[in-house]
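Chemist:
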Amino acid sequence: MIKVQNLEKIYRTEEIETVALNNVSFEIKEGEFVAMMGPSGCGKSTLLNIIGLLDDLDAGSYLFNGVEVAQYNERKRAELRKHNIGFVFQSFNLIDELTVFENVELPLMYTGVAASERKRIVDEVLDKIQIAHRRNHFPQQLSGGQQQRVAVARAVVNNPKLILADEPTGNLDSRNGNEVMQLLTDLNEKGTTIIMVTHSEHDARFTHRIINMLDGQIVTQSLKV
Amino acid sequence: MYKNYIKIAWRNILSNKLFSMINILGLAIGIACCSIIFLYVNFEMSYDDYHQNSDRIYRITTLLKDPKKQDHFAPTSPTMAVRIKTNFPEVSKYFRMNESKSMITYQDKKIYDTKIKYADSTFFDFYSFKIVEGQSKNALTNPYTIVLTESAAKRYFGNEKAVGKIMQLGDTVNITVTAVIDDIPINTHFTSDAFISRSTLNELKKNDSTWVRDHEENWFFCDSYSYILLNENVDYKKLEPKINAMMDREMAEIRKQVGMSFNIKMQPIKDIHLTSHLDAEIKDSKNGDILYVYIFIGAALLILLIACCNFINLSTARSLNRSKEIGLRKVIGATRKQLIAQFLGESLVFSGIATIISIILVVVTLPVFNNFLGIELELNLSIILLYLGLIIIIGLLAGLYPALLMSSFKPILSLKGKISHGLSDIIFRKSLVVFQFTIAIVLIISTTPILQQLSFIQNRNIGMKKDQIVSIELKAADIEKSKFILDELKRNSNVINGTVNSFSFKGVSNITLVPEGFSENEMTSAPVFTVDENFIETYEIDMVAGRNFSKEFPSDVQDAFIINEAAVKEFNFKTPKDALGKKIAWGGMKEGKVIGVMKDFNYMSLHENIKPLIVHIFPQWSNNISLKLKSNNLMNTMSQIENSWKKLAPHSPFKYDFNEDEFNSLYQSEINMRSILGAFTFLSVLVACLGLFGLASFSIKQRFKEIGIRKVLGSSTAEIVSLLSKDFLKLVFVSFIFAAPIAWYGMTKWLQDFAYKINISSIVFIVAGCLALLIAFATVAIQAYKAAISNPVISLRTE
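Chains as they are written, first to last, in my numbering: chain A, 17 to 241; chain B, 15 to 813.
(1) Answer yes or no: does any C-beta atom of chain B fall closer than 9 Å to that of A:F222?
(2) Between A:Y126 and chain B, is there a C-beta pair that is closer than 9 Å?
(3) Return the chain-ordered list of same chain residues with a C-beta closer than 6 Å to the C-beta of B:V748, the five sequence neighbours on each side being excluded.
(4) Does the Cβ of B:C322 have 16 or more other Cβ atoms within 10 Å, making it buried, or fewer, making it exposed?
(5) Count the other CB atoms within 10 Å of the CB of B:Q356; is the residue buried (16 or more) or exposed (fewer)?
(6) Where does B:L280 land, buried or exposed, given buried means 16+ other C-beta within 10 angstroms?
(7) Measuring alpha carbon to alpha carbon, tell me which residue in B:K270, B:P529 and B:I609 is nearest B:E584.
(8) Who are the neighbours of A:E90 on chain B, taking C-beta pairs under 7 Å?
(9) By alpha-carbon positions, which one of B:T136, B:L183 and B:F563 ends up nearest to B:T513?
(10) Taking Cβ positions, are B:F519 and B:E684 nearer each other than 9 Å?
(11) Excluding the 5 residues preceding and the 5 following B:N586 in the sequence, name in chain order all residues of the same chain whose CB lies nearer than 7 Å to its CB.
(12) Please list, in chain order, all residues of the same chain as B:D63 whose beta carbon is under 7 Å from its beta carbon, the five residues on each side excluded.
(13) Mind listing which residues of the segment 421 to 446 of chain B have their C-beta closer than 7 Å to chain A's C-betas, in chain order?
(14) By the 10 Å Cβ neighbour count, where 16 or more other Cβ atoms means buried, how is A:R221 classified, buried or exposed?
(15) Could you work out which residues of chain B lie near A:F103, taking near to mean beta carbons separated by less than 8 Å?
(16) Our contact map puts B:G560 next to B:V611 with C-beta atoms below 8 Å; I'd like the distance itself, whole angstroms only.
(17) Suppose contacts are defined by Cβ-Cβ distances below 9 Å. Is B:S698 in contact with B:I407 by that definition?
(18) So, do the segment 158 to 177 of chain B and the segment 65 to 76 of chain B have three or more beta carbon pairs nearer to each other than 8 Å?
(19) What first and last residue would you give for the beta strand (DSSP E) that runs through B:E487?
(20) Whole angstroms is fine: what's the gap from A:E24's alpha carbon to A:S61's?
(21) List the residues of chain A that B:S29 touches, going by C-beta distances under 9 Å, in chain order.
(22) Give the list of continuous beta strand (DSSP E) stretches no shorter than 3 residues that lie fully inside the segment 56 to 93 of chain B.
(23) Mind listing which residues of the segment 42 to 70 of chain B have their C-beta closer than 8 Å to chain C's C-betas, in chain order?
(24) Ignore the nearest five residues each way along the sequence and tell me which others in B:N245's own chain have a CB closer than 6 Å to its CB.
(25) For A:V83 and A:I137, I'd like the C-alpha separation in whole angstroms.
(26) Between which two residues does the alpha helix (DSSP H) holding B:T349 run?
(27) Relative to the C-alpha of B:K338, which residue among A:N187, A:E195, A:L110 and A:D189 is closest?
(28) Relative to the C-alpha of B:L457, which candidate in B:G692, B:G413, B:H621 and B:D196 has its C-alpha closest?
(29) Here's a check: name, in chain order, each residue in its chain whose Cβ is nearer than 7 Å to the Cβ of B:K565, leaving out the five neighbours to either side.
(30) Using three-state DSSP, classify A:R221 as helix, strand or coil.
(31) Three Cβ pairs or more, each shorter than 8 Å: is that satisfied between the segment 181 to 193 of chain B and the segment 118 to 132 of chain B?
(32) Starting from B:R263 and walking both ways along the beta strand (DSSP E), at which residues does that stretch end?
(33) Short of 8 Å in beta carbon distance, which residues of its chain neighbour B:D127, apart from the five on each side in sequence? Order them along the chain.
(34) Counting only beta-carbon atoms, is A:G59 nearer than 9 Å to chain B?
(35) Would you say the segment 642 to 651 of chain B touches the segment 478 to 498 of chain B, given that touching needs at least three Cβ pairs under 8 Å?
(36) Whole angstroms are fine: how far does the CA of B:W600 sit from the CA of B:N588?
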């Protein structure tokens, strides 16, 4: 599904040039659940952002479903993102001014789904992640675990082929963290490809494969048994 | 999707109350100003727009040219319109209207202040006044017929039918009511309660010895307001020179004889109200001034612009707080277009709410505005279009920059909260603040010279004493007894002096004359009014040569003139003394000698230089009794005079004007402008300060941690307040640098309209600048002080 070759990303300021990713190549197959690990600043989040088409790459190739997307413009990226990729963040990133229902509904709006259809889909997803009773609450009224579940619901509502999760349990206690990991696992079992950046060995155990990074390079890729 | 935008906009408004309040209030004030000015301008522009043929009706005005000067006045000689109609097939009809000072009565109903005009029978071809009773056809054709307005008919006849009733003109002449029309709409360039057929005038004057013999054919007797109706598709600009060429031909002989000639200028009827400020305009007509219309439009738009700047500034400043939301929307697939649409939608919601509040503001303030300007504006459906237009324009104007800016944020940086304002963005915002305060300071500076000029005018020694003098108008039937009436009134111990005259600050008539030394074919014209022996004494006018009129010289009535210093110069007399004894011939009416020279005094508005003036005794034309009163117990004196007046002058209403008020009324436009501009200045400063308040509060919040650190390191409260205020005060100072020359230029231009004016002092600028700085400092310092006295531990913990 994803094939990255010789990827490079360099951050430049007036005086300093920092190589964030250096000659990174890997492949992820459809249906995989992959963890990216490594110390802070090793480039894993940068890589995730590039995979999610939120950031540019400076060199290399990025094939998404066999199509070269490295040179896509903003409009094409947005188009690809909204139909194919769901995002889950460490800090949930829910919109405070929208209710649970509205937050989850948002991606469907951008893909132009009709209102009645949106309602049906959102209700179904909220049911599935067992947060339907909170559908009219605002994010501030929910616990961290609940917020992240809503974020997951929002990520999957469009039925994306790929979910990118950036430390999804980083702000949660272990019970809530486990709940979220279970949710991701369930999604993966139903066929969604997931790439997750994490510091947590515990979370990584839920995945099929771990990509270890250091200083902008992939150092090991271990396949779990 | 749009529902979502509106929803989030609404929730944003609720969650950021200060920001929302500043934006909405500012925009509401701006929109309210625009709406009121829109209604006002609409009204001012609507004058005479409602006549069916208004696009084809033109007023003919007179340009009187002698070799030295040119005078432009509103009335023409009665023959003018007739000759134009006869000579030019482009002209379909003509209409003339004359003022009347007479009174009409019905049985025992004497209503004094009925305004009457003589009107040609073509009246209804020109003016689309609705007939309430009777028929328009031939209503004003025959002599001794009258058309009343509905309210005049009600006053005379109550609910009875008016048509067919016989009324009295003066005491002796019977006139028949032929029709009743709707009241003349206020947006008409003249006002009247009744129209008597113009043929009546000719009948009446047949036996009047004071009347010009060949009145209807005389080129020089300009007392008729003349209108022509052009055929379809005739361009008046092409017709006007043709008419003037005809006049030049016809007057060639006269010009040779008297050295004077006429030309005409045509005024589209719809333009009269706002652009015509000629000599001898129709009595009671209150013409507006297009300049003030422009100034008001400008001021209202500027306030709206200041409010839009607030919106732009606060939205962009606050955009950092929304960067997470923007990033997230982008991540989940929002395109830039969709985000722009969202933010524009939000600003539309703001402008929509502001519009609703502005309607409330308009409803509350409109009566005050109406009362103040003496007009009757009301909210009508036409304003809905304006509101829709404003909502969209303001929404786009105020929302576009923030929308473009916010939608350009990179999603990753937004999500991480790493968006910062670029230099260009900061410069842009500072420029907006400078722009806002430039406008506010220009307005602050401008109001001061206006105040000073008006006070200068009102307190200036104009060479005559006008205070405590009251003038009461005599109707034609009482003029004969004027001397007796005056003598009786002077018996009141509170009356210091009194005079019978035709003087009014509101306008004097010009007469054509030949002074000694001028040849017969060098006729000139000069303002004249009629007086008596007491005039110069009552008004305490100084004489520089010769003597006043006196009863000891009975021939003064027939052959004496007194002129002013300006006339001495104009008539080429060497000195005032030299002028004494010089002959002056006034048309066929009077020939006499100069017996005295008055010191120049301002008998017209101070917009004008003092022109030559001739006064003489001509009791038939003296229709004013002016009384100088003791200043104590004025109310009581006036009521005593009223009682005597009713007995002495039964044909004249007790309608009086204090000369002081009349003089001040010459500057009504300026007085109105002072007040409206004053209000606009206040509002512009208020809205600009609202914005500054919001911006300061935002910027101080951003520097909360810095304030904490500085305090921990030992900075004093005053140092912090000065640190936080300094940046804003710099901007206000820069605004002052821009504002000063603009205001100076504007005020110099405005003052050019006055012959007598103040010098704009630099102190005005300094005071205005300091005032602006002070207001801005107060706005910022309150918040800076709050931040400065807060506990540093709290601000450091916010990290």
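The C-beta atom is built at its ideal place from N, Cα and C for all residues, glycine as well.
Modeler: Reading it off the structure:
(1) Indexing the first sequence from 1 puts residue 222 of chain A at position 206. Not an interface residue.
(2) One-based indexing of the first sequence puts residue 126 of chain A at position 110. Closer than 9 Å to some Cβ of chain B, the Cβ of A:Y126 qualifies, so yes.
(3) If you number the second sequence from 1, residue 748 of chain B lands on position 734. Result list for B:V748: V448, in chain order.
(4) As a first step, residue 322 of chain B must be located in the second sequence, where it is residue number 308. Buried.
(5) Numbered from its first residue, the second sequence carries residue 356 of chain B at position 342. B:Q356 is buried by the Cβ-count criterion.
(6) On the second sequence, residue 280 of chain B is found 266 positions in, with the first residue counted as 1. It is Met, not Leu, that sits at residue 280 of chain B in the sequence shown. Buried, by the Cβ-count rule.
(7) Within the second sequence, residue 584 of chain B is the residue found at index 570, counting from 1. It is B:P529 whose Cα lies nearest to the Cα of B:E584.
(8) The residue you call residue 90 of chain A lines up with position 74 of the first sequence. Those within 7 Å of A:E90 in chain B are R350.
(9) Against the second sequence, residue 513 of chain B aligns to sequence position 499. Per the Cα distances, B:F563.
(10) Position 505 of the second sequence, counted from the first residue, corresponds to residue 519 of chain B. Position 670 of the second sequence, counted from the first residue, corresponds to residue 684 of chain B. B:F519 is not a Cβ neighbour of B:E684, given a cutoff of 9 Å.
(11) By 1-based counting over the second sequence, the position of residue 586 of chain B is 572. Counting only Cβ-Cβ distances below 7 Å, and skipping sequence neighbours, we find G531.
(12) By 1-based counting over the second sequence, the position of residue 63 of chain B is 49. Cβ within range, chain order: K284.
(13) P425, I426 and L429
(14) For the purposes of this step, residue 221 of chain A is identified with residue 205 of the first sequence, where counting begins at 1. Exposed.
(15) Here residue 103 of chain A corresponds to residue number 87 of the first sequence, with the count starting at 1. Per Cβ cutoff of 8 Å: V345 and I346.
(16) Taking the second sequence and counting its residues from 1, the one referred to as residue 560 of chain B is at position 546. Taking the second sequence and counting its residues from 1, the one referred to as residue 611 of chain B is at position 597. That belief holds up - the Cβ atoms of B:G560 and B:V611 are roughly 6 Å apart, short of 8 Å.
(17) Position 684 of the second sequence, counting from 1, holds the residue named residue 698 of chain B. Position 393 of the second sequence, counting from 1, holds the residue named residue 407 of chain B. Not in contact: B:S698 and B:I407 (Cβ atoms no closer than 9 Å).
(18) Counting Cβ pairs under 8 Å, fewer than three are found: no touch.
(19) The sequence position of residue 487 of chain B within the second sequence is 473, counting from 1. First-last of the beta strand (DSSP E) with B:E487: I483 to E487.
(20) The residue labelled residue 24 of chain A in the question sits at position 8 within the first sequence. The residue labelled residue 61 of chain A in the question sits at position 45 within the first sequence. Taking the straight line joining both Cα atoms gives about 14 Å.
(21) Taking the first residue of the second sequence as 1, we reach residue 29 of chain B at position 15. Result: D112 and E113.
(22) 71 to 79 and 84 to 87
(23) Among the protein chains in the structure shown, which are A and B, there is no chain C.
(24) Against the second sequence, residue 245 of chain B aligns to sequence position 231. Cβ within range, chain order: E104 and S106.
(25) Taking the first residue of the first sequence as 1, we reach residue 83 of chain A at position 67. Taking the first residue of the first sequence as 1, we reach residue 137 of chain A at position 121. Approximately 29 Å between the Cα atoms of the pair.
(26) As a working note, residue 349 of chain B is residue 335 in the second sequence. Segment: none, B:T349 is in no alpha helix (DSSP H) and carries neither H nor E.
(27) By 1-based counting over the second sequence, the position of residue 338 of chain B is 324. Of A:N187, A:E195, A:L110 and A:D189, the residue nearest in Cα terms is A:L110.
(28) Your numbering for residue 457 of chain B matches position 443 in the second sequence. Of B:G692, B:G413, B:H621 and B:D196, the smallest CA-CA separation from B:L457 is found for B:G692.
(29) For this step, residue 565 of chain B is matched to residue 551 along the second sequence. These residues qualify, in order along the chain: E547.
(30) For the purposes of this step, residue 221 of chain A is taken as the residue at position 205 of the first sequence. Looking at A:R221 - three-state DSSP - the assignment turns out to be coil, as it is neither helix nor strand.
(31) With contact defined as three or more Cβ pairs closer than 8 Å, the segment 181 to 193 of chain B and the segment 118 to 132 of chain B are in contact.
(32) For the purposes of this step, residue 263 of chain B is identified with residue 249 of the second sequence, where counting begins at 1. B:R263 -> not in any beta strand (DSSP E); alpha helix (DSSP H) instead, spanning Y250 to V272.
(33) Here residue 127 of chain B refers to the residue found at position 113 of the second sequence. Excluding sequence neighbours, B:D127 sits near P667 and K669.
(34) In the first sequence, counting from the first residue as 1, residue 59 of chain A sits at position 43. By this cut-off, A:G59 is not an interface position.
(35) yes
(36) Here the question's residue 588 of chain B lines up with position 574 in the second sequence. Here the question's residue 600 of chain B lines up with position 586 in the second sequence. A small correction: the amino acid at residue 588 of chain B is Lys; Asn does not occupy that position in the sequence shown. So the two alpha carbons sit approximately 21 Å from each other.
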